[in-house]
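Going down the list, the sequences are from chains A and B. In case it helps, our numbering puts the first sequence at residues 304 to 705. In case it helps, our numbering puts the second sequence at residues 43 to 122. For each residue, glycine too, the CB sits at the ideal point set by N, CA and C. Structure first, commentary second.
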Amino acid sequence: MVTGIGLVAPNGVGLERFWQAVLDGRSGLAELTRFDASGYPCRIAGEVSGFDPAAHLPGRLLPQTDVSTQLALVAADWALQDAKIEPGTYTDYDMATVTSTATGGFDFTHREFDKLWSQGPRAVSVYESFAWFYAVNTGQISIRNQLRGPSTALVAEQAGGLDALGQACRTVRRGTPVVVSGGVDSALDPWGWVSQLAGGQVSRESDPSRAYLPFDADAAGYVPGEGGAILVVEDEDGARRRGAHQVYGELAGHAATFDPPPGSPRPPGLRRAAQAALADAGVRPEEVDLVLADGVGVAPLDRAEAEAITSLFGPRGVPVSAPKAFTGRLYAGAGPVDVATALLAIRDGVIPATGATARVPDEYRLDLVHGAPRPAPVSTVLVLARGRRGFNSALVVRRADA
Amino acid sequence: MTIDDLNRILVACAGEADSGPLTEQRVDTTFEDLGYDSLARMETASRIADEFGLSIPDDQVMELRTPRDVLDLVNSLVRA
């Protein structure tokens, strides 16, 4: 069961602000302001603005954390506050944390490299030893909230956030009542930016409203964003026993697969991941009310994803959306933000739209929700994510009383 | 080196203590109680060594338990 959510996204800091922005069709994509990007071929990003980490975190944590970790710590704080777990309800070993990050602490490391080259090795912060590291968010969230249960970190590019939540469910099934889990990424310093551009899929479009159009005939690549979500995943009996004041829904099934090598005659693994996640949840395709797609915005990949979806659900067999078009791709943050979106779609009976996507090629045979949100009863959602170099992950989100 | 110098360097390296800026009243409070872990002490010692042109070996850093320990060591090294 999900009993708490903390979310930080480019179009909304905080869960309800993000959700209102998504329903209002407000995008967080704009010209990059974190540094002067005028000389770069790609200049549109999803930046979290109006967020001051010093207003939310103790001073001691600031010099030792990258912006991505600051966002993760605050999201975890908000998730735990949202879950309203009274102190003493659980022991420290009853609570764990599982997180994912795809890029680590780029901005922090960039500054330390700058010191290394300009002032020498003695000027490099001792905190660089862990501030860059993929497990740092798990470590810092664990320390700050005294979560000493079985914790881990997973890395699978954009698929990692769903993998973390899947691992959180398995950890709960194995007897840890509470797992604080999700993913957050940020790499919008010059080094982080060129590292993302090197992947070759970032949009060169200079108009923010045209830069990221998943499943559109004019799709020109994706826009990177920063942020993510941390969820409190709690054992059903435990949540009931403590009288949890809210249950957003259930993470009912998860599966991950890996693509065959390039040139292999075997198909990509996304369909298999989706099928296995549905099987894990005990859900038939016809019971699924909504698919939140990976929606990378690169035509061959959009086509491959459309094929995976139609092969499972039939042509136009299920509403599909990719609201991440409003935030940019958040890497490890994307899956958990989509899961939060799925839970709110279930709560409010509305399917958010795929950003500014307007013209969906007929050949995709998708019922893509675009232009405006679509009111619809939603009880079961399949969330898909793909990571560069072959990662696929799928997670089934279900209404708690379904 | 004064307590204000130490506070400035500590805050730059490891952030402000939960109890606020370092003052004379807390010169004998352990770094642990002030909320600074071993990495914070290492980082601070390395910055002090740089700024004051000193060399402080790591094992000696670990023996510095309070702000007074640091001030005494640094000032004795500066005088030497």
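Give me, in chain order, the residues of the same chain whose beta-carbon lies closer than 7 Å to that of residue i; leave out the 5 immediate sequence neighbours on both sides.
| i | result |
| --- | --- |
| A/V370 | D410, S489 |
| A/A577 | A611, L615, L685, L687, A697 |
| A/E590 | T683 |
| A/S454 | A399, T400, V401, T441, S445 |
| A/G502 | R691 |
| B/E66 | I45 |
Buried or exposed for residue i, going by 16 or more other Cβ atoms inside 10 Å?
| i | result |
| --- | --- |
| A/H548 | exposed |
| A/Q461 | buried |
| A/E537 | buried |
| A/P626 | buried |
| A/T336 | exposed |
| A/A358 | exposed |
| A/S403 | buried |
| A/G407 | buried |
| A/E431 | buried |
| A/D519 | buried |
| A/S330 | buried |
What residue range is occupied by the uninterrupted alpha helix (DSSP H) comprising residue i?
| i | result |
| --- | --- |
| A/R414 | 409-422 |
| B/R121 | 109-121 |
| A/I649 | 637-651 |
| A/L465 | 463-476 |
| A/P570 | Unbroken run through A/P570: none, as it is neither H nor E. |
| A/A656 | It is not in any alpha helix (DSSP H) - A/A656 carries neither H nor E in the DSSP assignment. |
| B/S80 | 80-94 |
| A/R447 | 439-448 |
| A/I347 | No alpha helix (DSSP H) contains A/I347, which is instead part of the beta strand (DSSP E) from 347-349. |
Would you report the Cα separation of residue i and residue j, rounded to the nearest angstrom?
| i | j | result |
| --- | --- | --- |
| A/R511 | B/L48 | Looking at the sequence itself, residue 511 of chain A is Pro, so the reference to Arg does not match. If you take the alpha carbons of A/P511 and B/L48, they lie about 47 Å apart. |
| A/I710 | A/L615 | Any question about residue 710 of chain A goes unanswered here, given that chain A covers just 304 to 705. |
| A/G708 | A/A659 | Outside the shown range of chain A (304 to 705) lies residue 708 of chain A, about which nothing can therefore be said. |
| A/V497 | A/A405 | 15 Å |
| A/S484 | A/L450 | 11 Å |
| A/F629 | A/D492 | 21 Å |
| B/A81 | B/D100 | Residue identity check: residue 81 of chain B is Leu in the sequence provided, not Ala. Straight-line Cα distance between these residues: approximately 11 Å. |
| A/A471 | A/A399 | 8 Å |
| B/L115 | B/F94 | 12 Å |
| A/D466 | A/V623 | 21 Å |
| A/F433 | A/S509 | 36 Å |
| A/L374 | A/H557 | 25 Å |
| A/N721 | A/W322 | This structure cannot speak to residue 721 of chain A, because chain A is shown only from 304 to 705. |
| B/A56 | B/V103 | 15 Å |
| A/A324 | B/I45 | 49 Å |
| A/A555 | A/V700 | 6 Å |
| A/P570 | A/P563 | 7 Å |
| A/L332 | A/G528 | 8 Å |
| A/Q504 | A/R543 | 45 Å |
| A/G674 | A/L595 | 16 Å |
| A/P361 | A/P588 | 47 Å |
| A/G452 | A/G317 | 27 Å |
| B/S97 | A/D417 | 23 Å |
Nearest CA to the CA of residue i: which residue from the options?
| i | options | result |
| --- | --- | --- |
| A/I388 | A/V311, A/P313, A/G541 | A/G541 |
| B/T108 | B/V53, B/N117, B/R89, B/Y78 | B/Y78 |
| A/A661 | A/A648, A/P361, A/W435, A/P676 | A/P676 |
| A/D651 | A/G552, A/V482, A/P390, A/R569 | A/G552 |
| A/D397 | A/D583, A/G478, A/G486, A/V535 | A/G478 |
| A/L687 | A/Y634, A/R668, A/D665, A/E666 | A/Y634 |
| A/P424 | B/M43, B/D100, B/S88 | B/S88 |
| A/G349 | A/A456, A/V601, A/G636 | A/G636 |
| A/F561 | A/V550, A/R574, A/A555, A/V505 | A/R574 |
| A/L581 | A/D704, A/Q422, A/G469, A/V599 | A/G469 |
| B/D60 | A/V377, A/T455, A/L365 | A/L365 |
| A/L604 | A/L534, A/Y667, A/Q443, A/V535 | A/Y667 |
| B/T72 | B/I51, B/M43, B/E105 | B/E105 |
| A/A379 | A/E415, A/G486, A/P563 | A/G486 |
| A/D597 | A/Y343, A/V663, A/N695, A/T455 | A/N695 |
| A/V482 | A/I533, A/V351, A/V621 | A/I533 |
| B/E85 | A/P639, A/F416, A/V429, A/S421 | A/V429 |
| A/Q499 | A/G631, A/V640, A/D704 | A/G631 |
| A/R693 | A/V458, A/G495, A/A609, A/R473 | Reading the sequence as shown, one finds Gly at residue 693 of chain A and not Arg. Among A/V458, A/G495, A/A609, A/R473, the Cα nearest to that of A/G693 is on A/V458. |
| A/P655 | A/P664, A/L669, A/L593, A/R689 | A/L593 |
Among the residues of its own chain, which have a CB less than 6 Å from the CB of residue i, if the five just before and after it don't count?
| i | result |
| --- | --- |
| A/R545 | T392 |
| A/T644 | P626 |
| A/W381 | G309 |
Between which two residues does the beta strand (DSSP E) harbouring residue i extend?
| i | result |
| --- | --- |
| A/A312 | 305-312 |
| A/S403 | 398-403 |
| A/T560 | 553-561 |
| A/L713 | Outside the displayed range of chain A (304 to 705) lies residue 713 of chain A, so it cannot be described from this structure. |
| A/T683 | 683-690 |
| A/V601 | That residue, A/V601, is in no beta strand (DSSP E); it is neither H nor E in DSSP. |
So, at 8 Å on beta carbons, what are the nonlocal neighbours of residue i in its own chain, with the 5 sequence-adjacent residues on each side left out?
| i | result |
| --- | --- |
| A/S506 | C345, I347, A514, Y515, A523, G524, Y525, V526, G600 |
| A/D583 | A555, G556, H557, A558, V699 |
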